[in-house]
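Asks:
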Amino acid sequence: MSIDESEAVRTEQRFVSGLHARLDVLRERAEAAVRDALRAGGTSAQARLERDVFIAEQSGLLAAYDAGDHGLCFGRLVFRDGRDHHIGRIGIRDDDDERTPLVVDWRADVARPFYLATGHTPMGLSRRRHITMEGRRVTGLHDEILDLRDTTRSGHEGRDADAVLLAALDSARTGRMSDIVQTVQAEQDRIIRAPHQGVLVVEGGPGTGKTAVALHRAAYLLYAHRELLARRAVLVVGPNPAFLGYIGEVLPSLGETGVLLASPGELFPGVRATGTDTPEAAEIKGRAAMAEVLARYVRDRQTVPPTEEPVEIDHEDHGTLFLTRDMAEDARWDARGTGLPHNLARPRFATRIVDALTAQLVERIGADPYGGPNLLDPSDVAQLGKEVAASDAVHAAIDGLWPVLTPQELVARFLADPFGYLPDGEAEFVRRDPADAWTGADAWTPADVPLLDEAAELLGEDDSAARAAAARERAERIAYAQGVLDVAYASRTYEFEDEESEVLGVQDVIDAERFAERHEEADHRSAAERAAADRTWAFGHVIVDEAQELSAMAWRLLMRRVPTRSMTLVGDPAQTGDAAGCGSWREILAPYVGDRYEQVTLGVNYRTPAEIMELAAEVRRAVEPDFRPPRSVRSTGVPPWETTADDVPAAVADAVAREVRDEGRLAVVAPAARLPALAAALPGASWGAEPDLTRPVVLLEPRQAKGLEFDTVVVVDPEAIRTAGPHGVNDLYVALTRATQRLGVVRSAAGAPAAPAA
Numbered sequence: 116m117s118i119d120e121s122e123a124v125r126t127e128q129r130f131v132s133g134l135h136a137r138l139d140v141l142r143e144r145a146e147a148a149v150r151d152a153l154r155a156g157g158t159s160a161q162a163r164l165e166r167d168v169f170i171a172e173q174s175g176l177l178a179a180y181d182a183g184d185h186g187l188c189f190g191r192l193v194f195r196d197g198r199d200h201h202i203g204r205i206g207i208r209d210d211d212d213e214r215t216p217l218v219v220d221w222r223a224d225v226a227r228p229f230y231l232a233t234g235h236t237p238m239g240l241s242r243r244r245h246i247t248m249e250g251r252r253v254t255g256l257h258d259e260i261l262d263l264r265d266t267t268r269s270g271h272e273g274r275d276a277d278a279v280l281l282a283a284l285d286s287a288r289t290g291r292m293s294d295i296v297q298t299v300q301a302e303q304d305r306i307i308r309a310p311h312q313g314v315l316v317v318e319g320g321p322g323t324g325k326t327a328v329a330l331h332r333a334a335y336l337l338y339a340h341r342e343l344l345a346r347r348a349v350l351v352v353g354p355n356p357a358f359l360g361y362i363g364e365v366l367p368s369l370g371e372t373g374v375l376l377a378s379p380g381e382l383f384p385g386v387r388a389t390g391t392d393t394p395e396a397a398e399i400k401g402r403a404a405m406a407e408v409l410a411r412y413v414r415d416r417q418t419v420p421p422t423e424e425p426v427e428i429d430h431e432d433h434g435t436l437f438l439t440r441d442m443a444e445d446a447r448w449d450a451r452g453t454g455l456p457h458n459l460a461r462p463r464f465a466t467r468i469v470d471a472l473t474a475q476l477v478e479r480i481g482a483d484p485y486g487g488p489n490l491l492d493p494s495d496v497a498q499l500g501k502e503v504a505a506s507d508a509v510h511a512a513i514d515g516l517w518p519v520l521t522p523q524e525l526v527a528r529f530l531a532d533p534f535g536y537l538p539d540g541e542a543e544f545v546r547r548d549p550a551d552a553w554t555g556a557d558a559w560t561p562a563d564v565p566l567l568d569e570a571a572e573l574l575g576e577d578d579s580a581a582r583a584a585a586a587r588e589r590a591e592r593i594a595y596a597q598g599v600l601d602v603a604y605a606s607r608t609y610e611f612e613d614e615e616s617e618v619l620g621v622q623d624v625i626d627a628e629r630f631a632e633r634h635e636e637a638d639h640r641s642a643a644e645r646a647a648a649d650r651t652w653a654f655g656h657v658i659v660d661e662a663q664e665l666s667a668m669a670w671r672l673l674m675r676r677v678p679t680r681s682m683t684l685v686g687d688p689a690q691t692g693d694a695a696g697c698g699s700w701r702e703i704l705a706p707y708v709g710d711r712y713e714q715v716t717l718g719v720n721y722r723t724p725a726e727i728m729e730l731a732a733e734v735r736r737a738v739e740p741d742f743r744p745p746r747s748v749r750s751t752g753v754p755p756w757e758t759t760a761d762d763v764p765a766a767v768a769d770a771v772a773r774e775v776r777d778e779g780r781l782a783v784v785a786p787a788a789r790l791p792a793l794a795a796a797l798p799g800a801s802w803g804a805e806p807d808l809t810r811p812v813v814l815l816e817p818r819q820a821k822g823l824e825f826d827t828v829v830v831v832d833p834e835a836i837r838t839a840g841p842h843g844v845n846d847l848y849v850a851l852t853r854a855t856q857r858l859g860v861v862r863s864a865a866g867a868p869a870a871p872a873a
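Under the working numbering, the first residue of the sequence shown carries the number 116, and numbering increases by one thereafter.
Shown next, in the form of structure tokens:
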């Protein structure tokens, strides 16, 4: 039976319209439930807890429903055995007794044939249909016949199975990354659904979809392991804030909001590192050896007096005590012997100092002038010990020898004077003016963040006072609750009792401790929100994009965040740009998992046309003759153009005016030193630390362009990019591979060519 084109589209449109009607009902129910919960009475902590948990659940459903409203249904699977499933962003069921699935979540096992089935391995399919939509309107169908015995024809059959993929690749960019849920390829699907245990390394050149795969993997893992990962959260680390803004809409579009996105400069709570380092300073700070340098610096903060130090006790009869070098050395040896971090070992050091000074005072006051035993009894000794421990002078002496330090204080002091811990030349690179406002978040650089985290590990946090205060508050609440129960018991009435009845009171069904707990405030933040504020949080899974860029010290920080080593690392060593970047998977992982990791490679370039990719590959071959780029799936027939100019900003402005389109986005990628002049020549362009990528024209330095894509790219002064640092060739390779349609190169007449002519 043949169905004409309009009938096939109308059939799918009726289904999709009904699906959205059901979605609207579900959304209205969730919104009404939230409104009712907010209006509900109840002032007890238990009532508020139950209300907040309910609202959080309904808000999560609303987020999923909102995500599903855009391209809700994008596929249909018709099986040989008669099964017929529509595939969508989220799963939706009917309201009948069987809770019949109307559309299947793309992450469900039954949806896998949509991504994996082929004519050779149809996985039970008769046909696979791609549904293209704009809003709620079906705009196109594409059918693939996988069973030649299926003689039904819709008029939408196509020989080119990649038509939907190519249409998506040719569409104009928006300045925000979109999901690829409709066009996930088989090699990508296998990575997305790989087991979450252990370390998975995904390597791929420009345009292979590494980032998209990583984000869809996060969405899949949250679906497949909801109970575990919703409680422990997933961390996605991106190279910079601009990149995080670019990818920020992908996971919400897939209905997932319980993910923490952060750049390396945001991984220490309370610090958002926006400062900049020289490449030399960043490389030195990123070395693994910095861990031992900081450990030695901490040990050197645990000092002893050169001979003896007078200590005036705050008591007129006690006079002056003397803190000797031997006392301090014994106390330091004992405190270090605990193996505890600096701040946690300090109480042991302080106790030993107090005991030694007390013994000195006891010997002075209680000595028998006739040579007999000490005249003070144990209670006298205990009292003297309390007086010594309470002395401001003793506290000052202990603080001078073993100070309480914060990570910020420690790293600030180190960077103010790193000489003696680093060779003089390296120390000069990393030294900071001590007059800088170190307590301000803007003072720190991304390379400082792993140092702060290392310092936090070395120092520890002595929270004994806070825990003691919390225990006292809890004891007071329990005592108060017991008083309430006692009053309730004393006020009981026997008016309606008889000999055979027993009336239970509140005191009969709950004790004071449980009664107090019901009135304690609970933390209702999501797991991602709590994780962002807790340096010691252990994530359920960590995904690192552009993983080759992270320094050895940054990897120490990240590995603390995921003790189970459940990780997905994506990147491309050929694109390593950071001077501190490891650039080798073995170098990154050997200290933590040895060779116990799985590595897969994405070899197909979906973004970069063949003409552009060949030009970029020649740049890499200049330093790596055997370099083989990923295979581009398409060719635009538009070769890259280039021009050489004396007035580079004017030439770039002319090129942008010529290349900018009504739709899509254009990026100018240039050396950092040229950005101010180019910004003056391009007054409408967005630029800076966090440029607005949704603007028609954006101005970037090569590192900022990493991971991004634009319809058109103009690369400025490629020779300056290539020679700017030890990884300049990689930076130029990145800059040349950001375009999906057109590439132009503007050279400076004063510079030598950096790439072959187009």
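Beta carbons are placed, not taken as given, at the ideal position from N, Cα and C, and that holds for glycine.
These numbers come from a predicted model, not from an experiment.
I need the straight-line Cα distance from D119 to R208, nearest angstrom please.
Replies: Low per-residue confidence applies at D119: pLDDT is 46, beneath 50, and the placement is therefore not dependable enough to give any value.
Asks: Mark D777 as exposed unless 16 or more other C-beta atoms lie within 10 angstroms of its C-beta, in which case mark it buried.
Replies: With fewer than 16 Cβ atoms within 10 Å of its Cβ, D777 is classed as exposed.
Asks: Kindly give me the distance between the Cβ atoms of V849 and G692, rounded to whole angstroms, as I take these residues to be in contact under 8 Å.
Replies: About 7 Å; that satisfies the 8 Å criterion.
Asks: Which residues does DSSP pair with G319 in a beta bridge?
Replies: DSSP lists L717 as partners of G319.
Asks: Does the distance from the C-beta atom of V349 to that of I658 stay below 8 Å?
Replies: A contact, by the Cβ cut-off of 8 Å.
Asks: Tell me which same chain residues have a C-beta within less than 7 Å of the C-beta of E576, skipping the five on either side of it?
Replies: Within the same chain, E576 has close Cβ partners N458.
Asks: Could you give the first and the last residue of the continuous beta strand (DSSP E) run that contains A465?
Replies: Careful: A465 lies outside any beta strand (DSSP E), inside the alpha helix (DSSP H) at H457 to G481.
Asks: Can you grab the Cα-Cα spacing for the pair R332 / D470, in whole Å?
Replies: Taking the straight line joining both Cα atoms gives about 58 Å.
Asks: Count the other C-beta atoms from every protein chain shown that fall within 10 angstroms of the C-beta of R125, then say buried if there are 16 or more, exposed otherwise.
Replies: With fewer than 16 Cβ atoms within 10 Å of its Cβ, R125 is classed as exposed.
Asks: Who are the near neighbours of E127 in its chain, counting only those whose CB is closer than 7 Å to its CB and skipping five residues on each side?
Replies: For E127, where only same-chain residues beyond five positions count, the Cβ hits under 7 Å are I246, V253 and L256.
Asks: Output the distance between the C-alpha atoms of F611 and V149, rounded to the nearest integer angstrom.
Replies: Only weak support is given to the placement of F611: the predicted model assigns it a pLDDT of 48, under 50, and the value that follows is read from those uncertain coordinates. Approximately 41 Å, taken between the alpha carbons.
Asks: Could you pull the DSSP bridge partners for S750 from this structure?
Replies: Answer is none; S750 lacks a bridge partner.
Asks: Flag this pair as yes or no: are the beta carbons of A646 and L375 separated by less than 8 Å?
Replies: In this structure, L375 lies closer than 8 Å to A646 by Cβ.
Asks: Once you ignore the five residues that flank V708 on each side, which residues in its own chain have a CB closer than 6 Å to its CB?
Replies: Answer for V708: V314 and R680, listed in chain order.
Asks: Could you name the residues that DSSP lists as bridge partners for D199?
Replies: DSSP lists V193 as partners of D199.
Asks: Take A558 as the anchor and find which of V386, A460 and E739 has the nearest alpha-carbon.
Replies: Nearest of V386, A460 and E739 to A558, Cα basis: V386.
Asks: Beta carbon of T473, beta carbon of V503: below 8 Å?
Replies: Yes, Cβ-Cβ distance for T473 and V503 is below 8 Å.
Asks: From what residue to what residue does the beta strand (DSSP E) around P833 run?
Replies: First-last for P833: P833 to R837, but that is the alpha helix (DSSP H), not the beta strand (DSSP E).
Asks: Measure the beta-carbon distance from A669 to R402 and round it to whole angstroms, keeping in mind my assumption that it falls under 8 Å.
Replies: No, A669 and R402 are not in contact; Cβ-Cβ is about 11 Å, not under 8 Å.
Asks: Where does P806 land, buried or exposed, given buried means 16+ other C-beta within 10 angstroms?
Replies: Flag for P806 reads buried.
Asks: Since A155 is in the beta strand (DSSP E), which residue starts that stretch and which ends it?
Replies: Run containing A155: none; DSSP gives neither H nor E here.
Asks: Taking buried to mean at least 16 other C-beta atoms within 10 Å of its own C-beta, is N489 buried or exposed?
Replies: It counts as exposed.
Asks: If you measure between the beta carbons of V218 and G197, is that distance less than 8 Å?
Replies: No. Outside cutoff.
Asks: Quick one: is Q312 buried, meaning 16 or more other Cβ sit within 10 Å of its Cβ, or exposed?
Replies: So Q312 ends up on the exposed side.
Asks: Taking 8 Å as the limit between beta carbons, can you name the residues of its chain near A642, skipping five residues before and five after?
Replies: Contacts found: A345, R346, R347, A348 and G373.
Asks: Based on DSSP bridge pairs, tell me the residues matched to M248.
Replies: Answer by DSSP bridge pairing, in chain order: V253.
Asks: Is it right to say A552 is buried, meaning 16 or more other beta carbons lie within 10 angstroms of its own, or is it exposed?
Replies: Confidence at A552 is low in this model, with a pLDDT of 44, below 50, so the placement of that residue should be treated as unreliable; the coordinate-derived value is given next. Under this definition A552 is an exposed residue.
Asks: Where does W670 sit, in a helix, a strand or coil, going by DSSP?
Replies: Here W670 sits in helix by DSSP.
Asks: Rank R818, G360 and Q417 by C-alpha distance to the C-alpha of A512 and give the top, closest one.
Replies: Closest by alpha carbon: Q417.
Asks: Taking its Cβ as the centre, do 16 or more other Cβ atoms sit within 10 Å of A869, making it buried, or is it exposed?
Replies: With a pLDDT of only 43 at A869, under the threshold of 50, the placement of this residue in the model should not be trusted, and no figure is reported.
Asks: Pop quiz: T326 and I362 are said to be a contact at Cβ under 8 Å. What is the actual Cβ separation, rounded to whole angstroms?
Replies: Between I362 and T326 the Cβ distance is about 6 Å, and since that is below 8 Å, they are a contact.
Asks: Can you give the Cα-Cα distance for E395 and A694, rounded to whole angstroms?
Replies: So the alpha carbons of these two residues sit roughly 7 Å apart.
Asks: Mapping the DSSP letters down to three states, classify P484 as helix, strand or coil.
Replies: In this structure, P484 counts as coil in the three-state DSSP scheme.
Asks: Which residue's Cα is closest to the Cα of A155: T758, F169 and E122?
Replies: Among T758, F169 and E122, the Cα nearest to that of A155 belongs to F169.
Asks: Considering only residues of the same chain and omitting the five flanking positions on each side of L280, which have a CB-CB separation below 6 Å?
Replies: Cβ neighbours of L280 beyond the five flanking positions: T298.
Asks: Output the boundary residues of the alpha helix (DSSP H) element that contains T691.
Replies: Here T691 belongs to no alpha helix (DSSP H), and DSSP marks it neither H nor E.
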